[in-house]
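1 is the number of the first residue of the sequence shown in the working numbering; add one for each residue after it. Idealized CB from N, CA, C, for every residue including glycine. Since the structure is predicted, the reported quantities are computational estimates derived from the model, not experimental observations. In what follows, a structure is listed as structure tokens, so that the remarks can point back to it.
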Amino acid sequence: MINDEYFLAALRLAAGNDPIPSHVSAAARDVYGLRVPQARTAGPVECAGVRRSSGTRDDDGSHVMRFVTGGLTFDLEMTVGDGLIDVAGQVLPHPGEGTLVDVKTPHLTLTTRITHNGQFAATGLPPGWVSVVCHRPGHVPVQTMWVRIRP
1 MINDEYFLAA
11 LRLAAGNDPI
21 PSHVSAAARD
31 VYGLRVPQAR
41 TAGPVECAGV
51 RRSSGTRDDD
61 GSHVMRFVTG
71 GLTFDLEMTV
81 GDGLIDVAGQ
91 VLPHPGEGTL
101 VDVKTPHLTL
111 TTRITHNGQF
121 AATGLPPGWV
131 SVVCHRPGHV
141 PVQTMWVRIR
151 P
């Protein structure tokens, strides 16, 4: 015998009247707020020049990754220590004077200028999802895909 609640839920779905749960709507709004308008997304690649392949964890707990798009390469090393994440990276080729890099989590964004050789760092980030965005004067932003770093 079919449960009445299950049957009513099936009728609501069939009629298109089943409301989206509020926590799903809230999560969708939160994720939408993390986007960078008009940004190009750099995807992960494997490369012999990086100590390890994309996204692997080294013996010391660091994650080494490479992301590439639109003529830019992001080499990132994310290290977990004391429950927090430190990110050291380099953007190649040097994206030009005035370039800013955002190291983003869902709840925190740290902005820094790159050095003369394209390097940057951010420390003390909470574990979880991380993305890096490069803002070059006169160009659309370029961001890495979001990656999840666990302690």
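Hey, how far is the Cα of residue i from the Cα of residue j?
i: residue 92; j: residue 118; result: 6 angstroms
i: residue 139; j: residue 71; result: 12 angstroms
i: residue 84; j: residue 26; result: 26 angstroms
i: residue 98; j: residue 82; result: 33 angstroms
i: residue 90; j: residue 125; result: 18 angstroms
i: residue 95; j: residue 109; result: 20 angstroms
i: residue 56; j: residue 150; result: Low confidence applies here, because residue 56 scores a pLDDT of 44, under 50, leaving its location unreliable; read the following figure in that light. Answer to the nearest angstrom: the Cα atoms are 12 angstroms apart.
i: residue 78; j: residue 120; result: 12 angstroms
i: residue 51; j: residue 136; result: Reliability fails at residue 51, whose pLDDT of 45 lies under 50, so the model's placement of it is uncertain and the value that follows must be treated cautiously. If I take the Cα positions, the gap works out to 27 angstroms.
i: residue 53; j: residue 62; result: Only weak support exists for where residue 53 lies, its pLDDT of 38 falling under 50; the coordinates are left without a value.
Measure the Cβ-Cβ separation of residue i and residue j and say whether it is below 8 angstroms.
i: residue 66; j: residue 87; result: no
i: residue 130; j: residue 142; result: no
i: residue 41; j: residue 145; result: yes
i: residue 106; j: residue 4; result: no
Among the candidates the options, whose CA atom is the shortest distance from the CA of residue i?
i: residue 43; options: 81, 110, 105, 132; result: 132
Identify every residue that forms a DSSP beta bridge with residue i.
i: residue 120; result: 89
i: residue 145; result: Per DSSP, none; premise fails for residue 145.
Could you give the C-beta distance for residue i and residue j, rounded to a whole number, given that I count them as a contact under 8 angstroms?
i: residue 80; j: residue 127; result: 7 angstroms
i: residue 122; j: residue 112; result: 6 angstroms
Determine, for residue i, whether the minimum Cβ-Cβ distance to residues of chain B falls below 8 angstroms.
i: residue 126; result: Here there is only one protein chain, and chain B is not present.
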